[in-house]
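Residue numbers (this note's numbering): 4 to 256. Don't be surprised by glycine CBs; every beta carbon is placed ideally from N, CA and C. The next block holds one structure in the form of structure tokens; read it before the comments.
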């Protein structure tokens with residue numbers, strides 16, 4: 004059903020753009036391509052890569068002066084090792100040592116494809132645009148729990164790390180619990196943005212969006228290196244792409 008909806012929307016966009024060829028009221032530039040520079044800008048101004056770094060390519064085709072068809076594939080790269088060293092439980096304690104259980108999240112890249120229509124208005128040079136995209140996304144991620152031992156250091160006055168606890172054979176440290184998950188999601192992404200020209204053919208565009216999605220996922224769990232269980236799940240999410248997650252350099256032709 005989702006596949007047919009995307010195919011219909013794409014056909015409407017192409018038909019509308021073809022019909023516009025003879026329309027003299029069209030803007031000079033009917034096509035736009037762009038790249039999201041937000042992650043690069045963040046690092047350039049002295050920041051550091053965030054938890055989610057979204058790289059996107061966008062293609063827009065003007066249907067008339069106030070509407071454009073848009074297609075935007077994107078790839079989100081996450082901080083792969085999100086282990087919070089303050090997020091632990093003390094499971095064994097003596098006068099001189101502790102055994103702690105830690106948690107770690109692993110996030111693989113997320114692929115997303117948006118397709119929709121935007122509406123434009125504003126002055127001749129500075130343009131506002133708003134609309135909504137349909138989108139499909141796919142991502143995988145993992146969750147682990149593991150144990151570490153610490154000994155009290157009288158010199159430093161604190162517990163110091165000694166080892167990651169091994170399995171029963173003592174051959175190699177491993178996680179006592181592991182969950183791997185994959186999610187297919189589809190939904191609606193309303194957006195609003197602003198486009199400012201830099202030259203005759205280049206412009207800078209920024210937009211803010213929300214992703215409203217419903218997903219179908221599958222998880223596999225292992226405990227002490229052995230298979231534990233496998234199950235399916237559903238999810239509903241409403242998430243913001245962030246105020247500066249999409250700042251694109253646009254080429255118009």
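{"Item": "CB of residue 187 within 7 angstroms of CB of residue 219, strictly", "Value": "yes"}
{"Item": "Coil, strand or helix - residue 203 by DSSP", "Value": "coil"}
{"Item": "First and last residue of the uninterrupted beta strand (DSSP E) at residue 244", "Value": "Unbroken run through residue 244: none, as it is neither H nor E."}
{"Item": "Burial state of residue 234 (16 or more Cβ within 10 Å)", "Value": "exposed"}
{"Item": "Beta carbon of residue 206 nearer than 7 angstroms to that of residue 200", "Value": "yes"}
{"Item": "C-beta atoms of residue 130 and residue 198 nearer than 7 angstroms", "Value": "yes"}
{"Item": "The segment 158 to 169 / the segment 121 to 140 touching (three or more Cβ pairs under 8 angstroms)", "Value": "no"}
{"Item": "Of the residues 56, 184 and 211, the one placed nearest residue 237, counting alpha carbons only", "Value": "184"}
{"Item": "beta-carbon residue 91 near the ligand FAD non-hydrogen atom, thresh 6 angstroms", "Value": "Among the ligands in the structure shown, none appear at all, so the ligand FAD cannot be discussed."}
{"Item": "Extent of the continuous beta strand (DSSP E) run through residue 159", "Value": "No beta strand (DSSP E) holds residue 159; DSSP gives it neither H nor E."}
{"Item": "Residue range of the beta strand (DSSP E) that includes residue 34", "Value": "34 to 39"}
{"Item": "Simplified DSSP state of residue 112, which is helix, strand or coil", "Value": "coil"}
{"Item": "The segment 93 to 102 in contact with the segment 64 to 76 per 3-pair CB rule at 8 angstroms", "Value": "no"}
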